[in-house]
Structure formats: structure tokens, C-alpha cells
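Trainee: In the numbering used here, the protein residues as written are 144 to 329.
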Amino acid sequence: MLSITTAALNNLKLVTKSSGRMVVRNYNISSQRLHSARTTLLSSVSNSNTTKQSLVSSSNPITKNFSTAPATAVEDTNEETVKFTYVMSEDGTEHEVNAKIGMNLMEVAQENDIELEGACGGELACATCHLVFSQDIYDEHLPEKIDEEDDMLDLAFELTETSRLGCQICAKREFEGMKVIIPASD
Numbered sequence: 144m145l146s147i148t149t150a151a152l153n154n155l156k157l158v159t160k161s162s163g164r165m166v167v168r169n170y171n172i173s174s175q176r177l178h179s180a181r182t183t184l185l186s187s188v189s190n191s192n193t194t195k196q197s198l199v200s201s202s203n204p205i206t207k208n209f210s211t212a213p214a215t216a217v218e219d220t221n222e223e224t225v226k227f228t229y230v231m232s233e234d235g236t237e238h239e240v241n242a243k244i245g246m247n248l249m250e251v252a253q254e255n256d257i258e259l260e261g262a263c264g265g266e267l268a269c270a271t272c273h274l275v276f277s278q279d280i281y282d283e284h285l286p287e288k289i290d291e292e293d294d295m296l297d298l299a300f301e302l303t304e305t306s307r308l309g310c311q312i313c314a315k316r317e318f319e320g321m322k323v324i325i326p327a328s329d
């Protein structure tokens, strides 16, 4: 099952059910990234040949079936990635990852078996995906924080001036080679 909910024009919530487990993913999408977002969403469900897609907007629910057969797989091979490193603040362990451009950093960590909880599933209702960025990345390449993120960060351990929530930051080319810190959780 695939369910996509649009809360606002640039926010998508993707819910998939795989092997009895519900997976929730959030995407912040600008109009220039719609093709990339479509590819990312389709690749998220590429395990099944046919998936039911429910797109729900505030006024008009739409349901349709689509196939994730080989033609989609060709699109997936052209996805751009960026290589960067998560650093565990507890012991300095480094985890280098290749992240799909546009995927949020909480999901990137989780898909690479890196311990970054994300208890709320990226709903901006906790601070368990707290990350600390270098000053230059923070100043030059991160989107502005919204008030709700600031409120959640008040709950984070090891809060710094360059702290952000991983669910609110999407991978981009400018992250190539960066190191981002995962603070200790207690």
C-alpha cells in the first residue's frame, strides 16, 4: 500500500506498508524537484509490481493504480547522489553514506542503519533526529527553520547554534564531503 498526502503544495507524506511494517516518509518538494520526487516515490515502492496510490489534497481525493515495472527502474538508475559522513558524538565513529538528492537526512541515516531515532517518523513532533552541522553548511546551504522546528529543538540534547532536525533537511549537492554530527541522546 502506498499513500501520499499533501499537507501543503511543497510537503508530501508517503506511507508504505511492507512486510507488515508501516513506513512513513516526509518530503519537502519545490516545483523544480517534482520529477525527482516522483522518481524517489516510485523507487520507494519498487518492491511490488503494482501499487495502489492515494493522493489526497485538501479538497479532492484521487486514487489510481500505477506500475513500478522496469521502465521506472531505468529512471531510478539516473538518480543523483551525494556522499557525506555522519559522526557519532559519543565515540567519534564515522559512517560515510551515499544519499539520494532530495531525501531527508533522517531517512538517509535510517536506510544506512545509522542510529538516528526519528521517533515521530518525521512529523516534526520530537527532537530525536537532531543533527549538528558545521557553521558554513548551516549558514550557506540549509533552508530557514520554521517555528515548529525551533520548538522541537528546545527538547534536544547537546543543542548548538547549528542544530537542526534531520527530518527537515534534504540532501543536496552542496553536502558533498560534509560531516554532520549525531549528538548523544542522553
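For each residue, glycine too, the CB sits at the ideal point set by N, CA and C. Since this is a predicted model, take the numbers as computed values, not measurements.
Out of curiosity, what's the CA-to-CA distance linking S328 and F276?
Mentor: 16 Å
Trainee: Buried or exposed: where does Q278 fall if 16 or more other Cβ atoms within 10 Å of its Cβ makes it buried?
Mentor: exposed
Trainee: In whole angstroms, what is the alpha-carbon distance linking T220 and C272?
Mentor: At T220, the pLDDT of 44 sits below 50, so the modelled position is not reliable and the matter cannot be decided from this model.
Trainee: Quick one: what does DSSP say A216 is sitting in, helix, strand or coil?
Mentor: A caution first: A216 carries a pLDDT of 29, below 50, which makes its placement in the model unreliable, though a value can still be read off. Three-state result, A216: helix.
Trainee: Output needed for L285: all residues of its chain with C-beta closer than 8 Å, excluding positions within five of it in sequence on either side, in chain order.
Mentor: F276, R307 and I312
Trainee: Starting from M246, trace the alpha helix (DSSP H) both ways and give me its first and last residue.
Mentor: Neither: M246 is in no alpha helix (DSSP H) and is coded neither H nor E.
Trainee: Mark F300 as exposed unless 16 or more other C-beta atoms lie within 10 angstroms of its C-beta, in which case mark it buried.
Mentor: exposed
Trainee: Can you tell me whether L298 is buried or exposed? The criterion is at least 16 other CB atoms within 10 Å of its CB, across all chains shown.
Mentor: Only exposed fits L298, as fewer than 16 other CB atoms lie within 10 angstroms of its CB.
Trainee: My output table needs one value for I312: the three-state DSSP class, helix, strand or coil.
Mentor: If DSSP states are grouped into helix, strand and coil, I312 belongs with coil.
Trainee: If you draw a straight line from the C-alpha of T236 to the C-alpha of K226, how long is it?
Mentor: Those two C-alpha atoms are separated by around 16 Å.
Trainee: For N247, which residues of its own chain have a beta-carbon under 6 Å away from its beta-carbon, when the five flanking residues on both sides are left out?
Mentor: C310 and C313
Trainee: Suppose contacts are defined by Cβ-Cβ distances below 8 Å. Is E291 in contact with L267 by that definition?
Mentor: In contact: E291 and L267 (Cβ atoms closer than 8 Å).
Trainee: Output the distance between the C-alpha atoms of L259 and Q253, rounded to the nearest integer angstrom.
Mentor: 7 Å
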